[in-house]
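These notes concern the structure reproduced below.
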Amino acid sequence: MQNPLARCTGAYLLVCLFCTTVHAEPEPGNAGPVIHLNEAIASTLARNPALVGYGYQLEAQGARVQQAALPPNPELELTVENALGSGKFAGIDSAETTLSIAWILERGARQRRVDTARAGSALLAAEADVMRVDAAAETARRFVACLAGQARMANADEAVQLARETVEAIRQRVTAGRSAHAELARAQAEQARTELRREDIEHELLSAIHRLAAQWGETEPAFTRVSGDLLLLPRTTSFDSLATRIEQNPDFARFLSKQRLDDALLRLAEAERKPDWRVSAGVRRLAATDDQALVAGISMPLTLRNQNQGGIAAARAQAAGTEADTAAARVSIRTSLFVMHQELEHALHRTRTLRDDVIPHIELALAEMQRGYEHGRYSYFEWRSVQTELLEARSDLVEAIIDAHLRIIELERLTGQSVTQQPTSR
């Protein structure tokens, strides 16, 4: 059976929404099955276990709407009077038999029940939108975690290669008698530590891949890598522009749907203060004279007092509370937007500074240090110190761009729309 939630219109718009977060590009140099962000999100929307289960709640609510629209069934009534008594009523010769049918006149309550059930469906649909956006955002976060793991692996590979080259360079100097064996031992120990760190990162990447696949219910991932380029920097939308999109926030839309449900519940409570009427009609047979006659009747309660005044007061209080919650949500969402936008701008600034200023200068310094070490102008400690600075700067760059992408994902979740424009060059 197809997941009902996956059939909802607009679900695949989320694929387009989050595809701006990480810009995929082919990676021909890497072996193994590869997955792209749009594929991961499409799989999540179609097969996420939580979304599958919630989809059937939507079907159940649709059945409740159908049930609310059903009118009460008429009642068929058969009564026998003046029978099996005493005297002339001892038998059934004087019995009066009445066969009647009765209807309940609900006086508007049924339509209010339908309106309430439909408002409940709208609320569930809004909650489903929140679940879809949250699931897509979580998939995007886990996808970025995989990209981050791959970037850390690339840095770790470079660190291992640099450590091996360092060991070889020192070995040549030791062989030539220009460096002590202690320097070689220290370099070999550092190489071993670097290889251990690479192994740790490899395990973390494998775990990240499994966590990503779990988003669509897979326990054995059918891919070994994700495709994307972390270092493509997006150009972001201004905060003033973001603030105009608060109404599109899925959580805020849920509050608006909750307001509509509360209004429907209030109208239902007001309708239920009007009691139902009962109308009946039938035929009566009088056995004593063998005659027939029509009978009809109407029954209505005397509304001496409002029997649902407590229900109406409760519904009004609930509606007022939801209105207050909606106002609070608007403030909270705007504040979160501002904070996330500031953090995104800072992360992008850090990324550009590390990429354009810090790392190029350290690379120049390292090249000079290596030449100087080979000619005996610098010590191993000085050379190794610059190597460490470069590795740390590259690691900081990866963490800064990861932070930027995560902030973009959160902004898009808050606004329900893309917040980036075309990426700048690397």
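Position in the sequence shown (first residue = 1) + 260 = my numbering.
Virtual Cβ for every residue (Gly too), placed ideally from N, Cα, C.
Environment of residue i [buried if 16+ CB atoms lie within 10 Å]
i, result
"Asp663", "buried"
"Ser645", "exposed"
"Val718", "With the chain represented from 261 up to 686, any question about residue 718 goes unanswered, as that position is not in the structure."
"Gly345", "exposed"
"Leu436", "A small correction: the amino acid at residue 436 is Ala; Leu does not occupy that position in the sequence shown. When all chains shown are included, Ala436 counts as exposed."
"His463", "exposed"
"Phe403", "buried"
"His621", "exposed"
"Gly676", "buried"
"Phe515", "buried"
"Arg520", "buried"
"Ala579", "buried"
"Asp522", "buried"
"Glu670", "buried"
"His441", "exposed"
"Arg495", "exposed"
Cβ-based neighbour list, residue i, same chain, cut-off 7 Å, excluding 5 preceding and 5 following
i, result
"Leu407", "Val282, Val486, Gly488, Leu490"
"Val539", "Ala362, Trp363, Leu365, Ile558"
"Arg590", "Ile506, Phe512"
"Gly289", "Residue placement at Gly289 is poorly supported in this model, since its pLDDT is 49, which falls under 50; the coordinates are not used for a value here."
"Asn342", "Phe349, Ser354, Ala355, Glu356"
"Pro331", "Arg370"
"Glu583", "Gln519"
Helix, strand or coil at residue i [DSSP, three-state]
i, result
"Arg495", "coil"
"Asp550", "coil"
"Ile558", "strand"
"Gly676", "coil"
"Ile506", "helix"
"Arg392", "helix"
"Leu344", "coil"
"Asp375", "helix"
"Thr563", "coil"
"Ile352", "coil"
"Thr228", "Residue 228 is absent from the model: the chain starts at 261 and stops at 686."
"Thr339", "strand"
"Ala362", "strand"
"Ala541", "strand"
"Asp536", "coil"
"Arg485", "strand"
"Cys268", "Summary for Cys268: the model assigns pLDDT 41, below 50, so the residue's position carries little reliability; its value from the coordinates is reported in the next sentence. DSSP places Cys268 in coil when its eight states are reduced to three."
"Leu671", "helix"
Sequence-distant residues of its chain with Cβ nearer than 8 Å to residue i (five each side left out)
i, result
"Asp375", "Ala524, Arg527, Leu528"
"Ala423", "Ala447, Glu450, Gln451, Thr454, Glu455"
"Ser439", "Ile430, Arg433, Tyr640"
"Val420", "Gln451, Thr454, Glu455, Arg458"
"Leu465", "Cys406, Gly409, Gln410, Arg412, Met413"
Anticipated Cβ contact below 8 Å, residue i with residue j, distance rounded
i, j, result
"Val393", "Arg673", "6 Å"
"Thr304", "Ala388", "About 14 Å separates the two Cβ atoms, so there is no contact after all."
"Ala377", "Ala320", "Not confirmed; about 11 Å, so no contact."
"Ile572", "Thr611", "Not really, about 58 Å apart at Cβ, beyond 8 Å."
"Leu472", "Ala587", "The Cβ separation is near 38 Å, so there is no contact."
"Ser517", "Leu383", "4 Å"
Cβ-based neighbour list, residue i, same chain, cut-off 6 Å, excluding 5 preceding and 5 following
i, result
"Met629", "Tyr638, Trp643, Val646"
"Glu649", "Ile622"
Closer than 8 Å to chain D by CB, residue i
i, result
"Leu297", "In the displayed structure, chain D is absent; only one protein chain is listed."
Ordered list of beta strand (DSSP E) runs contained in the region 415-445, each at least 3 residues: Listed in chain order, there is nothing to give.
Continuous alpha helix (DSSP H) assignments of at least 4 residues falling wholly in the region 598-676: 619-634, 640-675
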